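Chains A and B, in that order, give the protein sequences. One rule links them: number in this note's numbering = place in the first sequence (from 1) + 286. One rule links them: number in this note's numbering = place in the second sequence (from 1) + 286. Backbone N, C-alpha and C define an ideal beta-carbon position, used for all residues, glycine too. These numbers were taken from a predicted model, which means no experiment stands behind them. As C-alpha cells, the structure follows; a few thoughts come after it.
2 protein chains.
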Amino acid sequence: MKLATLRTASGGTTAAIATGDATYLALPASDVGALLGQPDWRAVVDAAAGETIGNPEYAALTPNARKVICCGLNYGDHIQEMGRELPEYPTLFAKYADTLVGANDAVEVHGSGRVDWEAELAVVVGSELYRADEDQAREAIAGYTVANDVSMRDWQNRTLQWFQGKAWDATTPVGPVMVTPDEAGGHFDVRGYVNGELVQQGNTSTLVFGPAQLLSYISQFTILRPGDLVLTGTPGGVGMGMTPPRFLQDGDILTTEIDGIGCLENTFRIHSSVAANA
Amino acid sequence: MKLATLRTASGGTTAAIATGDATYLALPASDVGALLGQPDWRAVVDAAAGETIGNPEYAALTPNARKVICCGLNYGDHIQEMGRELPEYPTLFAKYADTLVGANDAVEVHGSGRVDWEAELAVVVGSELYRADEDQAREAIAGYTVANDVSMRDWQNRTLQWFQGKAWDATTPVGPVMVTPDEAGGHFDVRGYVNGELVQQGNTSTLVFGPAQLLSYISQFTILRPGDLVLTGTPGGVGMGMTPPRFLQDGDILTTEIDGIGCLENTFRIHSSVAANA
C-alpha cells in the first residue's frame with residue numbers, strides 16, 4: 287500500500303491511502319506518523335471509509351517525527367567522489383522534524399549561497415525499536431519514501447560537524463508517499479535532477495549499510511519510534527563534488543525520484559544575503 | 287527564581303518553584319518546558335498556590351525539549367586540550383530529548399567502554415526565536431541550568447560525526463533547577479568531579495561563543511522554542527584529554543556543579559559488553 291500525508295481544505299493534514307493514480311482515501315489520523323503510532327494501524331487502514339481526495343497536496347510525510355537520523359557516505363561511488371575510504375561504521379547525524387517539507391513545496395533558503403542536493407531513500411519506522419538486531423529492525427520497517435537531504439555546504443563546512451549545514455527548517459522534502467515493504471521490493475534506483483538534467487543516480491543495492499542494518503545500529507543507543515525517519519545516504523553526483531562545484535540557483539527545480547515510490551519536485555527560492563549574525 | 291521539574295507520587299512530573307532550601311511549590315505544568323510554553327508563565331508562577339514538596343526528586347528539567355543543541359570546542363583551554371585552533375564559527379551538533387535524565391538519576395550505559403564527562407552550562411530557551419539578533423536572543427533566555435554532555439568516545443570517534451557518541455538515551459543529566467537570568471548573574475564557574483576528585487573546571491567568561499551569540503546563530507537556520515536547550519560546551523579536563531586517557535568505571539559518581547545554579551550527582555552503571563550489531 288501507498289500512504290501519504292495530505293493537506294486538507296481546513297488547513298490541517300490527514301493521513302491517506304492511495305486508491306488509484308493521484309486518488310486517495312482519507313484515514314483517521316492527522317499524518318502518516320500519527321497513523322503508524324496506532325498499534326493496529328493496518329486494521330485502521332483496512333477499515334478506511336473516509337473522504338475521497340482527488341487533487342492531493344502533499345505535506346511532509348511525517349511532520350512530527352521525533353527523530354530524523356541521516357547516514358552519510360553510504361554509497362560506494364559517493365564515498366569515492368568525496369575522497370574518502372569505505373567505512374567500518376555508518377556516519378550518522380541528526381536533523382529535527384522542522385527540516386521537513388512536502389513533496390511539491392517551494393523551498394526557501396535565506397543566507398546560504400551553496401545549496402546542494404542529496405537524493406535519498408528514507409526508511410519510515412513502524413514500531414518501537416531499542417537495542418534490536420537486524421531481523422527485529424527489518425520487521426519494524428513500515429515502509430520507504432523519497433527524501434532530499436538538501437545541504438548548505440558553506441555552513442556545513444564551517445566546522446567539523448555537519449549539523450549546521452543540514453538542519454535548516456523546511457528544506458528537506460520527504461514524500462510523496464510511503465510504500466510498504468511488500469509492495470516496494472528490495473532495492474531502489476535513486477535519481478536526482480536539476481531543471482530536468484540528471485545529476486545523481488545510484489541503486490540502494492550498493493549501500494554499505496542497508497536499511498535494517500542502519501536501524502539496528504542506531505537502536506543500540508537510542509530508541510526509534512513509529513514515524514521516525516532514517517535517511518540512508520546519497521549516491522554520487524552532488525554539486526559539491528563537481529568540477530567546478532555547482533549549487534542550486536534561485537528558481538531551480540530539484541527533482542528526486544525513486545522508481546516504485548514516487549517523485550519530489552521542489553522549486554528553490556534562494557536569498558543568499560547574509561542573515562543577522564551569520 | 288529557581289524552577290525545577292519534580293517527580294510526583296503518582297508517577298508523573300510537575301514543574302515547581304523553589305521556595306527555600308530543597309522546598310518547592312508545585313506549578314500547574316507537567317515540567318519546566320511545558321511551563322515556559324505558556325506565554326504568561328511568569329504570571330502563572332506568581333499565582334502559584336500548589337502543593338508544597340519537601341523531598342524533591344528531580345526529573346530531567348525539560349524532558350520533552352524539541353531541540354537539544356550542543357556547542358563543542360567553546361572554551362579556549364578545552365580547544366587547546368583537544369589539539370584544535372580557536373574557531374571562527376561554533377561547532378554544533380544535535381541531541382534528542384531522549385538523552386536527558388534527572389539530576390540524581392543513575393545512568394546506565396550498555397555497549398561502551400569509553401564513557402567520558404563534559405560538564406556544561408545549558409541555556410533554557412523561553413520564547414520562540416527565528417533569525418534573531420543577539421539582543422533578541424538574550425531576551426529569549428528563560429534561564430540557565432547544569433548539564434553533563436556524557437560522551438561515549440569509542441562510538442564518537444568511529445566516524446567524523448560525533449552524533450553516535452553523544453545521543454545515547456538517558457545519559458545526559460540536566461538540572462537540578464533553572465535559574466532565571468536576573469538571579470543567575472552573568473558568568474558561571476563550571477566544575478566536574480569523578481568520585482569527588484575535581485577533573486574539570488572553567489568559567490563561562492572564557493566561552494568563545496556566549497549564550498546569546500549561540501542562540502542567535504542557531505536561530506538563523508532553525509527555530510528555537512520554549513523548553514529547548516542549548517549546551518554551551520565544556521571546559522578542559524575531559525577524560526579523553528588525559529595522559530593516559532581516563533574513562534568512567536562502573537559505580538563511579540559523576541558530579542557536575544555550577545555555582546549559583548546547583549549540582550548534578552549521577553552514579554554510572556556501565557555494561558561494556560558489545561550489544562547486538564555494534
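Under 8 Å from the C-beta of residue i: neighbouring residues of chain B
{"i": "residue 444 of chain A", "result": "374 and 375"}
Under 9 Å from the C-beta of residue i: neighbouring residues of chain B
{"i": "residue 604 of chain A", "result": "Absent from the structure is residue 604 of chain A, since the part of chain A shown begins at 287 and ends at 564."}
{"i": "residue 358 of chain A", "result": "445, 446 and 447"}
Proximal residues to residue i (C-beta, below 8 Å), its chain only, five neighbours per side dropped
{"i": "residue 430 of chain A", "result": "407, 408, 409, 410, 464, 465, 467, 470, 474, 497, 544 and 547"}
{"i": "residue 276 of chain B", "result": "Nothing can be reported for residue 276 of chain B: it is not among the residues displayed for chain B, which extend from 287 to 564."}
{"i": "residue 343 of chain B", "result": "292, 293, 388 and 390"}
Residues that residue i contacts on chain A, provided the C-beta gap is smaller than 7 Å
{"i": "residue 523 of chain B", "result": "Near residue 523 of chain B there are no residues of chain A at all, since even the closest Cβ is about 21 Å away, more than 7 Å."}
{"i": "residue 461 of chain B", "result": "Those do not exist, as residue 461 of chain B stays about 21 Å from chain A at its closest Cβ, beyond 7 Å."}
DSSP state of residue i mapped onto helix, strand, coil
{"i": "residue 405 of chain A", "result": "strand"}
{"i": "residue 436 of chain A", "result": "coil"}
{"i": "residue 442 of chain B", "result": "helix"}
{"i": "residue 543 of chain A", "result": "strand"}
{"i": "residue 450 of chain A", "result": "helix"}
{"i": "residue 423 of chain A", "result": "helix"}
{"i": "residue 365 of chain A", "result": "helix"}
{"i": "residue 431 of chain B", "result": "strand"}
{"i": "residue 475 of chain A", "result": "strand"}
{"i": "residue 324 of chain B", "result": "coil"}
{"i": "residue 469 of chain B", "result": "helix"}
{"i": "residue 386 of chain B", "result": "strand"}
{"i": "residue 526 of chain A", "result": "helix"}
{"i": "residue 331 of chain B", "result": "helix"}
{"i": "residue 377 of chain B", "result": "strand"}
{"i": "residue 494 of chain A", "result": "coil"}
{"i": "residue 499 of chain A", "result": "helix"}
{"i": "residue 519 of chain B", "result": "coil"}
{"i": "residue 336 of chain A", "result": "coil"}
{"i": "residue 488 of chain A", "result": "strand"}
Proximal residues to residue i (C-beta, below 6 Å), its chain only, five neighbours per side dropped
{"i": "residue 394 of chain B", "result": "555"}
{"i": "residue 316 of chain B", "result": "299"}
{"i": "residue 362 of chain B", "result": "492"}
{"i": "residue 322 of chain B", "result": "412, 428, 512 and 513"}
{"i": "residue 510 of chain A", "result": "411 and 415"}
{"i": "residue 553 of chain B", "result": "392 and 539"}
Partner residues on chain C for residue i, Cβ-Cβ distance less than 8 Å
{"i": "residue 380 of chain A", "result": "Looking at the structure shown, chain C is missing, and the protein chains on hand are A and B."}
Contacts around residue i, its chain only, beta-carbon distance under 7 Å, and the 5 residues preceding and following it disregarded
{"i": "residue 383 of chain B", "result": "349, 350, 351 and 354"}
{"i": "residue 370 of chain B", "result": "359"}
{"i": "residue 312 of chain B", "result": "300, 302, 336, 337 and 339"}
{"i": "residue 437 of chain B", "result": "402, 404, 451 and 452"}
{"i": "residue 417 of chain B", "result": "505 and 506"}
{"i": "residue 327 of chain B", "result": "321"}
{"i": "residue 381 of chain B", "result": "354, 356, 452, 453 and 458"}
{"i": "residue 440 of chain A", "result": "398, 399 and 400"}
Exposure of residue i, with buried meaning 16 or more beta-carbon neighbours within 10 Å
{"i": "residue 398 of chain A", "result": "buried"}
{"i": "residue 531 of chain B", "result": "exposed"}
{"i": "residue 481 of chain A", "result": "exposed"}
{"i": "residue 502 of chain B", "result": "buried"}
{"i": "residue 434 of chain A", "result": "buried"}
{"i": "residue 423 of chain A", "result": "buried"}
{"i": "residue 364 of chain A", "result": "buried"}
{"i": "residue 535 of chain B", "result": "exposed"}
{"i": "residue 508 of chain A", "result": "buried"}
{"i": "residue 550 of chain B", "result": "buried"}
{"i": "residue 289 of chain A", "result": "buried"}
{"i": "residue 372 of chain B", "result": "exposed"}
{"i": "residue 525 of chain A", "result": "buried"}
{"i": "residue 345 of chain B", "result": "buried"}
Beta-carbon neighbours of residue i, restricted to chain A and to distances below 8 Å
{"i": "residue 478 of chain B", "result": "Those do not exist, as residue 478 of chain B stays about 22 Å from chain A at its closest Cβ, beyond 8 Å."}
Query raised in the report: Taking Cβ-Cβ distances below 9 Å as the criterion, which residues of the stretch 533 to 547 of chain B are in contact with chain A?
Result: none
Query raised in the report: Which residues, taken in chain order from the stretch 389 to 411 of chain B, show a beta carbon closer than 8 Å to some beta carbon of chain A?
Result: 396 and 397
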